[in-house]
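Engineer:
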Amino acid sequence: MRLAPLAVPFVAVFVAAFGQPAPAQQPGLAAEWPNTDFGTASVDLDEIRAGGPGRDGIPALDDPAFIPAAGETRIAAREPVITLEFDGAAPRAYPIRYLTWHEIVNDTVAGIPVAVTFCPLCNSAMTFDRRVDGRTLSFGVSGNLRHSDMVMYDRETESWWQQAVGEGIVGTMTGAKLTELPSWMESFAAFRARNPDGLVMDEPDWRRPYGRNPYVGYDSLAQPFLYDGQMPPHGIEPLARVVRVGDRAWPLTRLADLGEITEAGVTISWAAGKASALDTGDIAAGRDVGMIRVRDAAGADLPHDVLFAFAYHAFWPDGDWMLGN
């Protein structure tokens with residue numbers, strides 16, 4: 004795959020941080036995953052590619068520590084965080100500066116076991132209930148990609164899960180679906196202003212350059228990394244951000260122009276003030292891409308995602324593009 008000139012710094016930094024991506028379906032796959040039932044799958048295994056680091060090479064986090072957001076001084080005002088606001092628990096912010104290097108956080112909030120996930124290559128930030136069919140799962144990073152999106156695995160059955168859709172795709176949990184929970188990405192300043200008594204995830208006890216972006220210039224590329232599927236229609240750039248609610252997608256540029264849209268039973272609002280985590284080497288210095296809230300007619304927050312257009316088209320090829328024309 005030929006990369007655009009802007010890809011040079013991205014590839015160099017990515018390889019230095021995570022290692023050289025390997026071919027799909029390496030020999031020894033079964034040896035690395037002895038408990039995975041590869042005879043049960045809902046996708047073609049040839050679509051799955053090794054992303055660079057192997058199994059748990061990007062280490063998921065479990066039961067992280069939190070500190071009062073009001074006392075956090077390391078995180079810049081414009082830095083992105085994933086916000087969870089559940090009844091019965093203090094609001095929590097999960098900084099992207101940590102999720103960039105860990106991708107999954109297994110936590111429990113208001114008695115609900117959750118997986119807070121972020122796939123940098125798709126800009127996909129989703130939170131799931133970890134309970135499936137009466138059992139509670141915990142998730143790790145397989146090191147594999149499908150359509151450039153993270154393939155998670157559960158530690159209990161070692162089945163593989165597609166992060167963008169929250170569905171089991173390989174192993175005994177094939178076809179099982181995770182319940183997506185309302186969460187959203189916003190600036191740390193916005194979270195702290197709205198939640199002066201809120202909590203923020205503390206810095207993990209790992210040797211990582213937290214606050215640095217190993218995907219320098221990624222969201223300015225002409226085409227995605229390790230992706231050879233169809234590009235989005237309507238002349239939409241592959242790495243343009245779209246807001247996905249169900250199987251519908253609204254281009255972020257349209258929302259930024261209008262500020263707020265009420266369509267198809269949802270209200271989507273946009274506000275400036277959040278840095279892109281996939282632009283400059285310093286996450287806090289990334290260009291302003293704004294932040295989104297999605298609510299229903301009663302004002303309740305709805306599950307949604309803000310991902311790249313190529314990823315939406317890959318996983319919802321028959322989805323509705325809400326272009327406003």
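Just so we're aligned, residue 4 is where the sequence shown starts under this note's numbering, counting upward by one.
Where is the CB? At the ideal position from N, CA and C, for every residue including glycine.
Candidates A278, R52 and V248: which alpha carbon is nearest W163's?
Structural biologist: Taking the sequence shown and counting its residues from 1, one reaches residue 163 at position 160. Closest option to W163, Cα to Cα, is R52.
Engineer: At what residues does the alpha helix (DSSP H) containing T103 begin and finish?
Structural biologist: For the purposes of this step, residue 103 is taken as residue 100 along the sequence shown, with counting starting at 1. Segment I99 to H105, the alpha helix (DSSP H) holding T103.
Engineer: Exposed or buried, what is G289 when buried is set at 16 or more other beta-carbons lying within 10 Å of its beta-carbon?
Structural biologist: For the purposes of this step, residue 289 is taken as residue 286 along the sequence shown, with counting starting at 1. Buried is the call here.
Engineer: Just checking my contact of V297 with L305 at CB under 8 angstroms: how many whole Å lie between their CB atoms?
Structural biologist: As a first step, residue 297 must be located in the sequence shown, where it is residue number 294. As a first step, residue 305 must be located in the sequence shown, where it is residue number 302. That belief holds up - the Cβ atoms of V297 and L305 are roughly 5 angstroms apart, short of 8 angstroms.
Engineer: Which value, in whole angstroms, describes the spacing of the CA atoms of G327 and A259?
Structural biologist: Locating residue 327 in the sequence shown gives position 324, counting from the first residue. Locating residue 259 in the sequence shown gives position 256, counting from the first residue. Going by the C-alpha atoms only, they are around 13 angstroms apart.
Engineer: Would you call the segment 59 to 69 in contact with the segment 79 to 90, where contact means no fewer than 3 C-beta pairs closer than 8 angstroms?
Structural biologist: The segment 59 to 69, when compared against the segment 79 to 90, does not touch it at the 8 angstroms Cβ threshold.
Engineer: Do you know offhand how far F313's Cα is from A80's?
Structural biologist: Taking the sequence shown and counting its residues from 1, the one referred to as residue 313 is at position 310. Taking the sequence shown and counting its residues from 1, the one referred to as residue 80 is at position 77. When rounded, the distance between both Cα atoms is 29 angstroms.
Engineer: What distance in whole Å lies between the Cβ atoms of N126 and L330, which are believed to be in contact at a cut-off of 8 angstroms?
Structural biologist: The first residue shown for the chain is 4 and the last is 328, placing residue 330 beyond what the model contains.
Engineer: Nearest by alpha-carbon distance to V168: which of P254, G249, N38 and T265 is it?
Structural biologist: Locating residue 168 in the sequence shown gives position 165, counting from the first residue. If we check each option's Cα against that of V168, G249 comes out closest.
Engineer: In terms of alpha-carbon separation, which member of P217, R257 and A33 lies closest to L48?
Structural biologist: Taking the first residue of the sequence shown as position 1, residue 48 is located at position 45. If we check each option's Cα against that of L48, A33 comes out closest.
Engineer: For A27, name the three-state secondary structure that DSSP assigns.
Structural biologist: To locate residue 27, count along the sequence shown from 1; it is residue 24. Confidence in A27 is poor, its pLDDT being 43 and thus under 50, which makes the residue's placement unreliable; the coordinate value appears in the next sentence. Coil.
Engineer: Count the other C-beta atoms from every protein chain shown that fall within 10 angstroms of the C-beta of A118, then say buried if there are 16 or more, exposed otherwise.
Structural biologist: One-based indexing of the sequence shown puts residue 118 at position 115. Under this definition A118 is a buried residue.
Engineer: Smallest Cα separation from R247: which of Y221, M325 and S223?
Structural biologist: Here residue 247 refers to the residue found at position 244 when the sequence shown is read from its first residue. Taking only the C-alpha atoms, the option nearest R247 is M325.
Engineer: Would you identify the three-state DSSP class for T43, choosing helix, strand or coil?
Structural biologist: Residue 43 sits at position 40 when you count from the first residue of the sequence shown. Three-state DSSP puts T43 in coil, outside helix and strand.
Engineer: Any idea what DSSP makes of R5, helix, strand or coil?
Structural biologist: Locating residue 5 in the sequence shown gives position 2, counting from the first residue. Confidence is the limiting factor: at R5 the pLDDT is only 26, short of 50, which leaves the residue's position unreliable and the question unanswerable from this model.
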